[in-house]
Structure formats: C-alpha cells, structure tokens
Amino acid sequence: MYPGMSTDRRQENSEALRESALRQLAAAESLLRQLSPKLVAELTTSMSALRELLATDDAAPEHVRAAVEGLASTTAGLTARSGFHGSQRGTTLRRAVASDYAAYVRLFADLDSLRPPVPYQDWVHDSRHRTLVVETAGQIVAYCAWEAYRTHGRICELVVEKPWRGQRLGERLLRAVGSRFREAGLSTWTINVKENNGPARRLYERMGFRSRSRWYEFELVWKSLAVSPDAGASTVRLKTTEDARFERVLKLAPGRLSRWRRDVHEVIVMGTRDRRGLPAGAAAFLPELARVNACYVNHSSALPDLLAALEPFRWAKHDKVTVFVDRDRKVASALWRLGARSVLTVLEMRGPVPLD
Ligand SMILES: CC(C)(COP(=O)(O)OP(=O)(O)OC[C@H]1O[C@@H](n2cnc3c(N)ncnc32)[C@H](O)[C@@H]1OP(=O)(O)O)[C@@H](O)C(=O)NCCC(=O)NCCS
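In case it helps, the working numbering puts the sequence shown at residues 761 to 1116.
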C-alpha cells in the first residue's frame, strides 16, 4: 500500500489517518447532536411520503405539492440548524435593550411561573443589564437572565421560543453567560429547575450542572388552619431591629430577612416567639401571589401559629396558600400534618462554570 516506505513511517501515517478519521467522526457526531432528533425524524417521514407519492402513477397533484412543500420546509429547518455553534445562521446574541421588554414578557410566559414578569421600570433600569437575548430577523426568540453574587453566579430565567427549541440555543446562551461569570472570577453557578422539566434538566446536565438539593411547594387550604393557637406563643410582624436575633436563633444567614423584604411585591415578614419569648419561627408572605416564599421554624409546633398569623393578610379571593419549603424538614412535616399537598418539586442544580 505504501511502496518504498519504512514500516515506522507507514505506522506513523496510519496513526495520523486514524486520528483524522476519529476527529471527522467526532465532528460529524457533534453536528448530529446539534440537530433535533424530532427534525431528523420529520425529514425521514417527509422523504418517504414524497417517495411513495412519486412511485404512484395516479397521485393527486395537490398531494404531491403538499409533500414537496412539507419536505422543503423540513429541509430548510435542518439547513438552518446545521450552521450552529457561534455561527448559527441568522441569529445574533446580544445584551437586552429597553425595546426588548415586550419580547421578554412574551417569552417569560413559557416559564409558567407563579410570579409576574419584572415590571417595565425595574427591567429597564436593572434586570435587562443582566439579560442576554437571541435575535433573528428582528425577532427575539430566546433570552437568559442571571445574577452574580460574590461567590457564584445564578441563572434566573432561560427561555427559548417553541419553534426554536432543540437547536442548542439554550446552550449557546448559557455558555455566553458562563463566560461573563468567568470574567468576573466566578467558578460555580446554580440554577433552579422543576423536577419534571426533562428538556431543561438534560440541557443543564450536559452543561455540567448536578442536582444539589430539592425544594418543595405545598398547597394548603387556609380553612385547614382553624387550629387552636398556642396560648403561650405570640406571632407579630417583625421589626427590622429584630432581624439579627431571629437570624441567629433560626440559623439563617445574616441579612437573610432583609433580603426577603426586598421583593417586588408587598411582603409580610412575620416572627413567632415561644412561651419564653425566644424566636421560634419566621416567614415571608406575599399576599398578591398567595405565597409563603420562605419559612423557617425551630420546632414544627411553631408552624400553625405562624401561618395562622398570616391569614388576616390574605386576599379574600385566595382560598389557598402556596408554601415554598427548602431544606427545612420540620416545616414540611408540619405542613403534611395540616393536610397540605405537595404540588411541585424544584431541584437546585450547581456546577462548575465551563472554561471555554
Ligand atoms: C429548557 C429550554 C430553555 C431548552 O432550550 P433549547 O435551546 O431547546 O435546549 P437544547 O437545544 O439544548 O435542548 C434541550 C433538550 O430538549 C429537547 N427539546 C426540547 N424541545 C424540543 C423541541 N421543540 N424539539 C426538539 N427537541 C426539543 C432536546 O432534544 C434536548 O434534549 P437532548 O439533550 O436529549 O437532545 C427550552 O426547552 C425552553 O425554553 N423551555 C420552556 C421554558 C423553560 O422550561 N425554561 C427552563 C426553566 S429552568
């Protein structure tokens, strides 16, 4: 095969050929991975439909025309997708500008969040500076919003418009935010995702995120709180001057309670003291969303009092309250006992910010 070539040289050549073949295979495989399996399946179906029609002499022209159009649109989609990775044809990734607000609101709806989108003024003056968008032909088709803390970054929202899903736009946005985190010296990032959101979890796992803890959302009918209050305990709205003491006793990070108060909605921060007057629990309630956003107790018996004290702040139209529970098992077990039902599980995922 290689006349006149030494055995060593021949071996070197075939090694190089092998390496180049493996590189080509890896490149082809990575291209395949960028194509949505759904689209590849669609293309195969469209092709066989057209082949079948062409093989039939008396196929109606409108059927043939429909099959040709179907195949053309699938092929166009496939071609657009194959240009991905930095050069995704016709798409631009850029920082959000004020006029993107309407698109942000439209895409935000796909998060199926209990919260409303950030109000216009707050978005324009604050959030949009931490938002990247993907634009194509003057349309915003995806966005990602983040926050950077001292030690880590957090992905707050990531949405890709339906027709653009499965084309790695989400990954492209995450990588772009990741390189900003790297530049800021942050090496880890976190993201919260609903446990049943398969596509999002697959994307995050591919990006190196791993599940770290679970958070739960419980739903409770206010009426089920008709419990006899503990005569010795007292629950009142917490004054900011009491924050530090409650944080210390309830083992919350310093400044946690003041962060609760900073929500864009009205927040009722309530604190329970036990018979001896010691802090026994604290909760943040958002009446507009009928939601207890944070809740900590040092004994599960403190919870009914704490929640019952929030009830007068509820809006008349809300007959249920949602309680968000993180690691605090005491809160979860007390809620079970009150007849609450678990409606959602959220995973907190964490991972190293990629180097590239
Ligand atoms: C989650 C989301 C941002 C992923 O964005 P994306 O650009 O589609 O991400 P990817 O292309 O990497 O696809 C992720 C997975 O979803 C699958 N997928 C999702 N929607 C798809 C679609 N319409 N067509 C084909 N595949 C789809 C992909 O096959 C992929 O799975 P795989 O890794 O096993 O191949 C996007 O699905 C979305 O906006 N969902 C609604 C909002 C949401 O849930 N956001 C996340 C909140 S934590």
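Just so you know, even glycine gets a beta-carbon here, dropped at the ideal spot from N, CA and C.
With DSSP run on the structure shown, which of helix, strand or coil describes residue i?
i, result
"residue 958", "helix"
"residue 1135", "One cannot answer for residue 1135 here, as it falls past the ends of the chain, which runs 761 to 1116."
"residue 978", "strand"
"residue 1107", "strand"
"residue 938", "helix"
"residue 868", "helix"
"residue 847", "Because the pLDDT at residue 847 is just 40, under 50, the model does not fix this residue reliably, and the value given afterwards should be weighed accordingly. Of the three classes helix, strand and coil, the one that applies to residue 847 here is coil, per DSSP."
"residue 1073", "helix"
"residue 821", "helix"
"residue 1001", "helix"
"residue 969", "coil"
"residue 1015", "coil"
"residue 810", "helix"
"residue 1099", "coil"
"residue 927", "coil"
"residue 903", "strand"
"residue 1112", "strand"
"residue 861", "helix"
"residue 995", "strand"
"residue 1032", "strand"
"residue 1082", "strand"
"residue 894", "strand"
"residue 908", "strand"
"residue 917", "strand"
"residue 1051", "strand"
"residue 874", "coil"
"residue 852", "strand"
"residue 805", "helix"
"residue 884", "helix"
"residue 800", "helix"
"residue 933", "helix"
"residue 963", "helix"
Pull up the CB-CB distance for residue i and residue j, whole angstroms please, since I reckon it's below 8 Å.
i, j, result
"residue 914", "residue 907", "5 Å"
"residue 1060", "residue 1013", "About 22 Å separates the two Cβ atoms, so there is no contact after all."
"residue 1027", "residue 997", "Their Cβ separation, rounded to whole angstroms, is 10 Å, which puts residue 1027 and residue 997 out of contact at 8 Å."
"residue 1052", "residue 1083", "4 Å"
"residue 929", "residue 894", "6 Å"
"residue 995", "residue 1066", "6 Å"
"residue 1039", "residue 1006", "5 Å"
"residue 879", "residue 868", "That pair is no contact at about 12 Å."
"residue 1104", "residue 985", "In fact, because the Cβ distance is near 21 Å, the residues do not count as touching under 8 Å."
"residue 892", "residue 854", "7 Å"
"residue 1106", "residue 955", "7 Å"
"residue 1009", "residue 1058", "7 Å"
"residue 1032", "residue 993", "6 Å"
"residue 1017", "residue 1045", "About 13 Å; that fails the 8 Å criterion."
"residue 813", "residue 823", "6 Å"
Return the residue from the list the options that minimises the CA-CA distance to residue i.
i, options, result
"residue 934", "916, 924 and 923", "916"
"residue 1050", "1056, 1078, 1061 and 1024", "1078"
"residue 852", "953, 865 and 902", "902"
"residue 1056", "1047, 1064, 1037 and 1043", "1043"
"residue 1115", "946, 1053, 1006 and 1063", "946"
"residue 952", "931, 974, 1033 and 1028", "974"
"residue 883", "857, 894, 1072 and 899", "857"
"residue 1101", "919, 981 and 910", "981"
"residue 1034", "1063, 965, 1021 and 800", "1063"
"residue 828", "816, 807 and 968", "807"
"residue 918", "898, 1011, 899 and 960", "960"
"residue 1111", "971, 897 and 879", "971"
"residue 1113", "1072, 969, 1037 and 1058", "969"
"residue 1068", "1041, 924 and 976", "1041"
"residue 800", "964, 1108 and 927", "927"
"residue 802", "831, 821, 899 and 819", "831"
"residue 977", "873, 1008 and 811", "873"
"residue 950", "938, 1091, 900 and 817", "938"
"residue 1020", "859, 1036 and 1003", "1003"
"residue 900", "823, 1017, 809 and 859", "859"
"residue 730", "1109, 805, 812 and 810", "Lying before the first or after the last residue shown, residue 730 is absent from the chain, which here runs from 761 to 1116."
"residue 905", "897, 936 and 896", "936"
"residue 897", "910, 1096 and 850", "850"
"residue 1136", "966, 826, 1081 and 1080", "This structure does not reach residue 1136, given that the chain is present from 761 up to 1116, and the question cannot be answered."
At least three beta-carbon pairs within less than 8 Å, the stretch 935-943 to the stretch 1082-1094: Judged by Cβ distances under 8 Å, the stretch 935-943 makes no contact with the stretch 1082-1094, as fewer than three pairs qualify.
The stretch 855-872 contacting the stretch 883-893, beta-carbon criterion three pairs below 8 Å: yes
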